[in-house]
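> The following block contains the structure, expressed as structure tokens.
There are 2 protein chains.
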Amino acid sequence: MTGTSTMSQKTTTSDRIKDVILSDGLRPGDLLPTEGELCDRLGVSRSNVREAIRKLSTLDIVDVRHGHGTYVGEMSLDALVEALVFRGVLSPGDDLRALRDVVEVRVALDFGMAEAIVTSLAGTTNPELSGLVDEMVAMAQDGKSFPQQDRAFHTGLLEALDNSLVGQLVAAFWDVHTAVLPRLNVAVAADLEQTARAHGQMLEAAQAGDVEAFHAAITVHYDPIARALDRDVN
Amino acid sequence: MTGTSTMSQKTTTSDRIKDVILSDGLRPGDLLPTEGELCDRLGVSRSNVREAIRKLSTLDIVDVRHGHGTYVGEMSLDALVEALVFRGVLSPGDDLRALRDVVEVRVALDFGMAEAIVTSLAGTTNPELSGLVDEMVAMAQDGKSFPQQDRAFHTGLLEALDNSLVGQLVAAFWDVHTAVLPRLNVAVAADLEQTARAHGQMLEAAQAGDVEAFHAAITVHYDPIARALDRDVN
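Line order of the protein sequences matches chains A and B.
Take 1 as the starting number for the first sequence in the UniProt record's numbering and just add one per residue.
Take 1 as the starting number for the second sequence in the UniProt record's numbering and just add one per residue.
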């Protein structure tokens with residue numbers, strides 16, 4: 001039923017290590033039993049355990065700190081980002097479809113979370129987010145791009161929501177978008193200032209409790225990349 | 001900037017294999033150079049190549065078919081599903097927050113894609129989707145659950161959109177939700193028939209071009225799980 005239906009021997013050992021984490025009640029940041037202890041407990045070879053640990057490390061289910069030991073990981077979305085970035089750069093022949101798909105997911109997440117974001121920010125003031133908007137506008141006026149402020153803004157907008165997964169997803173798709181874009185020859189209208197100011201419009205709409213205005217600001221925000229992709233895709 | 005900033009030696013070899021795929025113009029399903037050829041081209045050891053291939057295989061960037069060779073993979077979201085399922089079952093102590101986060105992402109994606117779905121289905125008839133709804137309602141009336149039809153419906157709804165990523169994401173979060181739920185002690189109101197019929201309401205709203213009705217049907221659809229989680233979370 002899940003995509004993990006084609007399981008191999010290695011998957012089985014990694015599943016059993018996951019069961020060890022669960023049955024021992026370990027939490028992210030806790031130390032796992034040593035490789036030798038795992039071999040004994042699971043009755044499998046050291047190379048088998050090692051391979052399973054590598055797989056779990058790729059998924060950030062465990063975190064191998066060389067010279068220190070193996071810990072339960074944070075289960076971040078780094079693996080998703082790596083796979084999607086590669087998918088994005090692999091498929092420029094498909095009329096930039098992979099990048100367009102990523103941008104559409106970003107828009108869908110922003111629209112889908114709009115009501116929750118507006119509800120959580122209505123009536124508040126957010127000096128940190130306002131500060132990021134000011135920095136972005138100032139940098140845009142100097143002709144500079146502002147990736148760090150941009151990412152911090154999009155994740156900061158979701159902080160009040162108390163849903164760490166949606167924040168990580170938004171950040172992951174931001175990362176994919178930002179990593180893929182410079183590797184393709186997309187002529188994005190370099191309207192930095194429009195994009196910078198759209199962030200301010202999103203924030204003001206949310207603080208004013210105005211879902212419609214928030215929706216409109218999302219559209220303004222993605223307008224330059226949407227136009228570039230429409231031009232190239234069709 | 002991306003989550004992949006803590007790169008190790010192994011990551012470097014896997015990055016170089018990705019570059020081989022790109023520079024050779026390989027596509028999903030194409031055969032990669034052999035392990036020996038990769039060692040020669042990259043000037044690294046066989047164990048190094050093997051470890052990098054395993055990592056890329058976990059990410060579904062390559063697909064190792066034993067006895068046949070290694071092919072460029074489909075870059076599916078299986079790794080995301082595996083990591084999120086484990087995160088979901090690991091954190092029941094956090095008041096089911098991980099499952100609640102997954103459900104909220106599902107709702108956000110449905111809401112975020114609502115306008116595109118309604119636009120793509122307005123004025124059409126979809127016998128396959130209607131058939132799935134009829135099956136679900138009939139099974140619900142027999143007291144049976146209907147996971148296969150449910151998953152097929154949610155992915156089928158997005159098929160007209162021509163965005164394979166959003167379909168895969170929706171399927172991935174469906175998989176995580178469905179895999180995590182039975183492992184937690186959540187008392188979901190077993191209102192199977194309400195859930196079955198909500199799918200029909202989503203479809204009718206989309207075919208009628210009615211975004212508001214589509215939104216309302218999404219809310220009805222997630223109502224039983226939302227109530228169960230609210231009860232348990234707060």
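Where is the CB? At the ideal position from N, CA and C, for every residue including glycine.
Predicted model, so just to flag it, every value in this text is computed and none were measured.
Where does Asp63(A) land, buried or exposed, given buried means 16+ other C-beta within 10 angstroms?
Within the first sequence, the letter at position 63 stands for residue 63(A). With 16 or more other Cβ atoms within 10 Å, it is buried.
> Let me confirm a value: Ser23(A) is counted as buried when at least 16 other C-beta atoms fall within 10 Å, else exposed. Which label applies?
Taking the first residue of the first sequence as 1, we reach residue 23(A) at position 23. It is exposed - the Cβ of Ser23(A) has fewer than 16 other Cβ atoms within 10 Å.
> I'd like to know if the segment 217-225 of chain B and the segment 154-173 of chain B are in contact, where contact means that at least 3 CB-CB pairs between them fall below 8 angstroms.
No, the segment 217-225 of chain B is not in contact with the segment 154-173 of chain B.
> For the alpha helix (DSSP H) that contains Asp175(B), what are its first and last residues?
Against the second sequence, residue 175(B) aligns to sequence position 175. Taken as a continuous stretch (DSSP letters only), the alpha helix (DSSP H) holding Asp175(B) covers Ser164 to Val180.
> Using beta carbons (cut-off 8 angstroms, strictly below), is Gly112(B) in contact with chain A?
One-based indexing of the second sequence puts residue 112(B) at position 112. Yes, contact with chain A.
> Take Gly209(A) and list the residues in its own chain whose beta-carbon comes closer than 7 angstroms to its own, dropping the five residues that flank it on each side.
In the first sequence, counting from the first residue as 1, residue 209(A) sits at position 209. These residues qualify, in order along the chain: Val118, Ala122 and Gly123.
> Less than 8 angstroms between the CB atoms is what I'm expecting for Arg41(A) and Val20(A), so what's the real figure, rounded?
On the first sequence, position 41 is the one that residue 41(A) refers to. On the first sequence, position 20 is the one that residue 20(A) refers to. Yes, Arg41(A) and Val20(A) are in contact; Cβ-Cβ is about 7 angstroms, under 8 angstroms.
> Find out if the Cβ-Cβ distance for the pair Leu165(A), Val105(B) is shorter than 8 angstroms.
As a position in the first sequence, residue 165(A) is number 165, starting the count at 1. As a position in the second sequence, residue 105(B) is number 105, starting the count at 1. Yes, the pair counts as a contact, with Cβ atoms nearer than the cut-off.
> Could you give the residue range of the beta strand (DSSP E) that holds residue 289(B)?
No information on residue 289(B) is available, as it lies outside the stretch 1 to 234 that chain B covers here.
> Nearest-angstrom Cα distance between residue 237(A) and Glu37(B)?
In the structure as shown, chain A starts at 1 and stops at 234, and residue 237(A) therefore has no counterpart that could be examined.
> May I ask you to list the residues that DSSP assigns as paired with Gly131(B)?
Here residue 131(B) refers to the residue found at position 131 of the second sequence. Answer is none; Gly131(B) lacks a bridge partner.
> For Leu31(A), which of helix, strand or coil comes out of DSSP?
Within the first sequence, the letter at position 31 stands for residue 31(A). If DSSP states are grouped into helix, strand and coil, Leu31(A) belongs with the strands.
> Apart from the five residues just before and just after Asp110(B), which ones in its own chain have a Cβ nearer than 7 angstroms to its Cβ?
Residue numbering aside, residue 110(B) sits at position 110 when the second sequence is read from its first letter. So the qualifying residues of the chain are Ile218.
> Check Val105(A) in the structure and name its three-state DSSP category.
Counting from one through the first sequence, the residue named residue 105(A) turns up at place 105. Val105(A): helix per DSSP, three-state reduction.
> Quick one: is Arg16(A) near chain B, going by C-beta distance under 8 angstroms?
Mapped onto the first sequence, residue 16(A) falls at position 16. No, its Cβ sits nowhere closer than 8 angstroms to a Cβ of chain B.
> Taking the alpha carbon of Met75(A) as the point to measure from, which residue in Lys18(A), Ala98(A), Leu99(A) and Phe214(A) has its own alpha carbon closest?
Numbered from 1 along the first sequence, position 75 holds the residue referred to as residue 75(A). Of the listed residues, the one whose Cα sits closest to Met75(A) is Lys18(A).
> With 9 angstroms as the limit, tell me which residues of the segment 144-160 of chain A have their beta carbon closer than that to any beta carbon of chain B; keep them in chain order.
So the close ones are Pro147, Gln148 and Arg151.
> Quick check on DSSP: helix, strand or coil for Gly69(B)?
Sequence index remark: in the second sequence, residue 69(B) carries index 69 (1-based). Three-state result, Gly69(B): strand.
> Residue range of the alpha helix (DSSP H) that Lys55(A) falls in?
Mapped onto the first sequence, residue 55(A) falls at position 55. It spans Arg46 to Thr58 - the alpha helix (DSSP H) in which Lys55(A) sits, taken as one unbroken run.
> Would you tell me roughly how many angstroms separate the C-alpha atoms of Ser130(B) and Ala108(B), rounded to the nearest one?
Looking up residue 130(B) in the second sequence gives position 130. Looking up residue 108(B) in the second sequence gives position 108. Straight-line Cα distance between these residues: approximately 24 angstroms.
> Taking 8 angstroms as the limit between beta carbons, can you name the residues of its chain near Thr125(B), skipping five residues before and five after?
Residue mapping note: residue 125(B) aligns to position 125 of the second sequence, counting from 1. Closer than 8 angstroms at Cβ, skipping near neighbours: Gln207.
> Quick check: the Cα distance between Val220(A) and Ser57(A), rounded to an integer number of angstroms?
For the purposes of this step, residue 220(A) is identified with residue 220 of the first sequence, where counting begins at 1. For the purposes of this step, residue 57(A) is identified with residue 57 of the first sequence, where counting begins at 1. Spanning the two alpha carbons is a distance of roughly 39 angstroms.
> Look at the alpha carbon of Gly200(B) and the alpha carbon of Ser91(B), and state the distance between them as a whole number of angstroms.
Along the second sequence, read from residue 1 onward, the residue named residue 200(B) stands at position 200. Along the second sequence, read from residue 1 onward, the residue named residue 91(B) stands at position 91. Cα to Cα, Gly200(B) sits roughly 34 angstroms from Ser91(B).
> Give the residues from the segment 98-111 of chain B that approach chain A closer than 9 angstroms (Cβ to any Cβ), ordered along the chain.
Going along the segment 98-111 of chain B in chain order, one finds Ala98, Arg100, Asp101, Val102, Glu104, Val105, Val107, Ala108, Leu109, Asp110 and Phe111 with a Cβ nearer than 9 angstroms to chain A.
> Leaving out five residues on either side along the sequence, give the residues of the same chain with a beta carbon under 7 angstroms from the beta carbon of Ala216(B).
What you label residue 216(B) is simply residue 216 of the second sequence in a count that begins at 1. Taken in chain order, the list of residues that qualify is empty.
> Using only alpha-carbon positions, find the residue among Thr178(B), Val49(B), Pro28(B) and Leu31(B) that is nearest to Cys39(B).
Mapped onto the second sequence, residue 39(B) falls at position 39. Of Thr178(B), Val49(B), Pro28(B) and Leu31(B), the residue nearest in Cα terms is Val49(B).
> So, is Asp150(B) buried or exposed, given that buried needs 16 or more other C-beta atoms within 10 angstroms?
Here residue 150(B) refers to the residue found at position 150 of the second sequence. The residue in question, Asp150(B), is buried, as its Cβ has 16 or more Cβ neighbours within 10 Å.
> What does the alpha-carbon distance come out to for the pair Val81(B) and Asp175(B)?
Reading the second sequence from its first residue, position 81 is the one you call residue 81(B). Reading the second sequence from its first residue, position 175 is the one you call residue 175(B). Taking the straight line joining both Cα atoms gives about 7 angstroms.
> Starting from the Cα of Glu51(A), find the closest Cα among Ser14(A), Pro147(A) and Ser120(A) and give me that residue.
Taking the first residue of the first sequence as position 1, residue 51(A) is located at position 51. Comparing Cα positions, the closest option is Ser14(A).
> Return no unless some Cβ of chain B is closer than 8 angstroms to the Cβ of Gly3(A).
The residue given as residue 3(A) occupies position 3 in the first sequence. Reliability fails at Gly3(A), whose pLDDT of 40 lies under 50, so the model's placement of it is uncertain and no value is given.
> Using a Cβ cut-off of 8 angstroms, pull out every chain A residue sitting near Glu51(B), in sequence order please.
Within the second sequence, residue 51(B) is the residue found at index 51, counting from 1. What Glu51(B) touches in chain A: Arg54.
> Among Arg65(A), His66(A), Thr70(A) and Leu203(A), which has the Cα closest to the Cα of His154(A)?
Here residue 154(A) refers to the residue found at position 154 when the first sequence is read from its first residue. The residue with the shortest Cα to Cα distance from His154(A) is Leu203(A).
> So what does DSSP say about Lys144(A), is it helix, strand or coil?
Position 144 of the first sequence, counted from the start, is the residue given in the question as residue 144(A). Looking at Lys144(A) - three-state DSSP - the assignment turns out to be coil, as it is neither helix nor strand.
> For Thr178(A), which residues from the same chain have a beta carbon less than 7 angstroms from its beta carbon, with the 5 sequence-adjacent residues on both sides left out?
Looking up residue 178(A) in the first sequence gives position 178. Pro147, listed in sequence order.
> Buried or exposed for Leu59(B), going by 16 or more other Cβ atoms inside 10 Å?
Against the second sequence, residue 59(B) aligns to sequence position 59. So Leu59(B) ends up on the buried side.
> Hey, is Thr12(B)'s beta-carbon within less than 8 angstroms of any beta-carbon in chain A?
On the second sequence, position 12 is the one that residue 12(B) refers to. So no, Thr12(B) is outside the interface.
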